[in-house]
Each structure stands twice: as structure tokens, then as C-alpha cells.
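*Asks:* Positions in the sequence shown are counted from 1; adding 449 to them yields the numbering used here.
Where is the CB? At the ideal position from N, CA and C, for every residue including glycine.
Source: prediction; values computed, not measured.
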Amino acid sequence: MDGKELFRVSYHPRHGTGDLKIYLFFEPETFRHVKTIYTQQSQAQMGSTPGMSSVGGGANLTMEEDFGGFAKVNKLMLPTQWTIKYDQEGLGSGSSMVEFDWNISKIVANPDISGVTFKIQ
450 MDGKELFRVS YHPRHGTGDL KIYLFFEPET FRHVKTIYTQ QSQAQMGSTP
500 GMSSVGGGAN LTMEEDFGGF AKVNKLMLPT QWTIKYDQEG LGSGSSMVEF
550 DWNISKIVAN PDISGVTFKI Q
């Protein structure tokens with residue numbers, strides 16, 4: 450993927466998720482989880498008339514998560530970059546794509562939290 454060799458694990462939930470498929474990608478050297486792809490295809494629903502059947506067409510939904518910028522925090526290797534891309538095609542009359550990017554600048558593990566932090570005033 451993107452010119453890199455990765456291990457892929459496929460997961461297909463059994464109940465209540467329709468045609469949902471999940472693909473997890475791992476680096477072969479470190480086994481870091483670097484990507485997840487979720488896909489779901491839905492078929493057009495039959496309407497009460499032939500004209501209504503053509504209105505609600507099927508859809509292809511895809512969500513991708515990418516993880517990067519791994520940094521060591523205590524004994525954990527955690528990602529500091531997280532990207533989510535959501536794409537839907539064929540829902541109604543068009544398609545859309547949304548992308549979110551997070552860059553994490555500070556990760557604190559096991560911080561010293563005093564009881565004052567949770568005090569309601």
C-alpha cells in the first residue's frame with residue numbers, strides 16, 4: 450500500500466452490520482497498526498412504485514484511518530498523526546468526501562492527578 454509492504458488482516462462482522470468489511474494493516478517489521486479501511490455497500494431498496502425504486506439507489510461507503518508519526522511514551526509506541534477519510538458514493542444523487550487530520554503535539558502517560566482536578570465547585 451502506497452509503495453510499502455504491509456500485513457493485512459480482514460475482518461467481516463457476523464451480525465447486524467450488513468456488508469461491512471474491515472481491513473487492518475500492520476508494518477511487518479514492527480507490527481504497528483498503521484491503517485484501517487472500513488467498507489460497506491448497500492443495495493437499492495425497492496420502492497412502492499417503479500419510480501420510487503430508482504430514487505433511493507445503493508451506496509458505497511468507505512472510511513480510512515491512517516496512523517503515523519509514532520513516538521515512544523513510557524513503554525508504549527503511540528501514533529502522533531491520525532487521518533480519517535470518509536467517502537460516500539451513490540447515496541441519493543451524488544457523492545461526498547470528508548477528511549480530518551490530527552497532529553498530536555503532546556502525550557502524557559500516567560500524569561500526577563490530584564483530587565482537586567475532579568472537585569466540583
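Residue ranges of each beta strand (DSSP E) run of no fewer than 3 residues wholly in the region 500-558, ordered along the chain?
*Replies:* Within the region 500-558, the complete beta strand (DSSP E) runs of at least 3 residues are 508-517, 520-522, 525-527, 530-540 and 543-552.
*Asks:* Which residues in the same chain have their Cβ closer than 7 Å to the Cβ of residue 550, if we skip the five residues on either side of it in sequence?
*Replies:* The answer, listed in chain order, is 532.
*Asks:* DSSP on residue 456, reduced to helix/strand/coil?
*Replies:* If DSSP states are grouped into helix, strand and coil, residue 456 belongs with the strands.
*Asks:* Using the Cβ count rule (16 or more neighbours within 10 Å means buried), how would you classify residue 483?
*Replies:* With 16 or more Cβ atoms within 10 Å of its Cβ, residue 483 is classed as buried.
*Asks:* Taking its Cβ as the centre, do 16 or more other Cβ atoms sit within 10 Å of residue 514, making it buried, or is it exposed?
*Replies:* So residue 514 ends up on the buried side.
*Asks:* What three-state label does DSSP hand residue 567 in the structure shown?
*Replies:* Three-state result, residue 567: helix.
*Asks:* I think residue 529 touches residue 552, with their Cβ atoms under 8 Å apart; what is that distance to the nearest whole Å?
*Replies:* Between residue 552 and residue 529 the Cβ distance is about 7 Å, and since that is below 8 Å, they are a contact.
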